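Okay, so here's the structure we're looking at.
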Amino acid sequence: DFADTYGYDLLPRLWQLFSKRNDPDSMKTRLDYRDWCGRRFRESWLEPVSAWCREHGIALTGHISPEDDPVDQAVSVTNLFSCFPYFTIPGIDLIIPAVGDHRHAILNIGVVSATSAAQQKNRPGVMSETLACSGLESNPEIAGFILRWQLVMGVTTHVVHAAFSSVEGNRLYDAPPDWGPAGDFWPAMVELGKEFAELQTVIREATQVAPVAILWPIRSFAAQRSESHEQPLRDALVELLSQCLDHQVGVHFLDETDLVDAAISTGVMTLGRAAYSHVLVPDCTVLAADTIRVLREAAAADIQVVGTGSGPEWVQTDSAVEPAGPRAWESASVFDVVPTLPRLISIAPDGIARDLRCTAWERDGIRTRLLMNIGDEDKNMTVDGTPMRLRRGEVMTLPQG
3 DFADTYGYDL LPRLWQLFSK RNDPDSMKTR LDYRDWCGRR FRESWLEPVS
53 AWCREHGIAL TGHISPEDDP VDQAVSVTNL FSCFPYFTIP GIDLIIPAVG
103 DHRHAILNIG VVSATSAAQQ KNRPGVMSET LACSGLESNP EIAGFILRWQ
153 LVMGVTTHVV HAAFSSVEGN RLYDAPPDWG PAGDFWPAMV ELGKEFAELQ
203 TVIREATQVA PVAILWPIRS FAAQRSESHE QPLRDALVEL LSQCLDHQVG
253 VHFLDETDLV DAAISTGVMT LGRAAYSHVL VPDCTVLAAD TIRVLREAAA
303 ADIQVVGTGS GPEWVQTDSA VEPAGPRAWE SASVFDVVPT LPRLISIAPD
353 GIARDLRCTA WERDGIRTRL LMNIGDEDKN MTVDGTPMRL RRGEVMTLPQ
403 G
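Listed below in structure tokens is the structure:
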């Protein structure tokens, strides 16, 4: 019951969910209400379904939308990082024929979120339902481009939407084209499967080398009114993640709850298979009191805690939303901070390559980097001192001692 959990009757304060006011009382109502909705969803559906699957030896996977938009996520399921642990393999959905390049940068949020959770919760990998709503002009070349990008970003298990086993249904309208055995594209899909099988061995159950964690600022989105469409916080988060990826920084998101559970030692914070030397605090308005406490402890342990924007202005305690007071970390522009972060590869001549994606994976003492050009054209550049021509859509493997 809401009143028993949060200590007040919600009904007289419902108007605060839609008010433009951002006073502490209104923010607390929104935070409590959305936390309550998320708890009820998990307790009534995710927990019993997950428990039943475990009892019957069944691996639970799937996805819960929306993965890519923290604004919509905050007002629907509250926080996907609270949902991922119930899945044997956390999952996402990609329903447009695009990748997380500079034109569709928000798409990076979903796949980085799921990969982060898989590493932090010791899951074997990430599932993605992909290729739905791909349009009438899609083909295996477009499909392969999308699937390769997802694989480089950490997706170990592709579930291809619209791989039909019958011809029933309004396929042309619903989810063109048919990628399954009855469709014209099936031979090409089989070849893609063979190509991916070898690359999947690099990332499945491997440790991702991602020393930089971006604090997941979902609490700030939950504190806002649900009708907000113009979202500077969202834009700032997307820009920060894009800059990290364009600088080939190994990066995860780190939820506030998981931050509190992480182990801190000198210079490193560990959680599951993940290990972080840097924690970036993005633009935000409110953080939990425990979050600020742990960030102070991390900074005292020589973990690099750096702000990339303003805030938080407020701190949420068990009973109230209060002014945050002075920050315990230095802040600077995203464009000043990101170039100083540890990188997976060295790029010349400019030190930055837009739409060049690199991830690194370690398994049995062997570290392998996956490199993919998701831009519009081939790229000529020097990678780790070696001149290379990076063809658009091609995945390269770079061993590392």
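When you read off a place in the sequence shown, starting at 1, and then add 2, the result is the number in our numbering. We put the beta carbon where it would ideally sit given N, CA and C, even for glycine. Since this is a predicted model, take the numbers as computed values, not measurements.
- Shown here, Ile66 sits in coil according to DSSP, grouped into three states, outside any helix or strand.
- Leu149 sits close to Leu194, with the two beta carbons spaced by under 8 Å.
- Counting along the chain, the unbroken alpha helix (DSSP H) around Cys55 starts and ends at Glu49 to Glu57.
- A direct Cα-Cα distance of roughly 44 Å separates Thr158 from Trp17.
- It is roughly 7 Å from the alpha-carbon of Val288 to the alpha-carbon of Arg221.
- DSSP places Ala225 in the coil class of the three-state scheme, outside both helix and strand.
- Around the Cβ of Thr399, a 10 Å sphere holds fewer than 16 other Cβ atoms; the residue is exposed.
- Leaving aside the five residues that flank Trp188 on each side, the residues in its chain whose CB is nearer than 8 Å to its CB run, in chain order, Trp181 and Gly182.
- By the neighbour-count criterion, in which a residue is buried when 16 or more other Cβ atoms sit within 10 angstroms of its Cβ, Val192 is exposed.
- Taking one beta carbon from each stretch, the stretch 21 to 37 and the stretch 315 to 323 have 3 or more pairs nearer than 8 Å; the two touch.
- A distance below 8 Å separates the beta carbons of Gly377 and Arg356.
- When rounded, the separation of the alpha-carbon atoms in Leu343 and Val251 is 7 Å.
- For the options Arg125, Pro351, Thr31 and Val73, the alpha carbon positioned closest to that of Thr63 is the one of Arg125.
- Under the criterion of beta carbons closer than 8 Å, Leu19 and Thr31 qualify as touching, at roughly 7 Å.
- Three or more Cβ pairs closer than 8 Å define a contact, and the stretch 332 to 346 meets that threshold against the stretch 236 to 251.
- If you draw a straight line from the Cα of Val397 to the Cα of Val101, it comes to about 14 Å.
- Per DSSP, reduced to three states, the secondary structure at Ala100 is coil, with no helix or strand assignment.
- If only complete runs of 3 or more residues are kept, the stretch 288 to 334 shows the beta strand (DSSP E) at 288 to 290, 306 to 309, 316 to 318 and 323 to 325, in order along the chain.
- Secondary-structure assignment with DSSP links Ser21 through no beta bridge to anything.
- The residue from Glu57, Leu239, Ala212 and Pro50 with its alpha-carbon nearest to that of Asn110 is Leu239.
- Pairing Leu282 with Thr259 gives a Cβ-Cβ distance that is not under 8 Å.
- In the three-state scheme derived from DSSP, where H, G and I count as helix and E and B as strand, Gly185 is classed as coil.
- Assignment of Gln233 by DSSP, reduced to helix, strand and coil, places it in the coil class.
- For the 8 Å CB-CB criterion, Ala300 and Glu315 do not form a contact.
- Under DSSP, the beta-bridge partners assigned to Gly93 are Met129.
- Here Pro284 is near Leu242, since their CB atoms are less than 8 Å apart.
- Distance from Arg393 to Asn382 at the Cβ level is roughly 10 Å; contact not present, criterion being Cβ atoms closer than 8 Å.
- In this structure, the beta-carbon distance from Gly156 to Thr370 does not fall below 8 Å.
- Classified as buried, Phe255 has 16 or more neighbouring CB atoms from the shown chains inside 10 Å of its CB.
- Of the candidates His163, Ser21, Asp71 and Val339, the residue whose Cα lies closest to the Cα of Glu131 is His163.
- Per DSSP, Leu346 lies in no beta strand (DSSP E) segment and is marked neither H nor E.
- Per DSSP, the beta bridge partners of His254 are Ala215.
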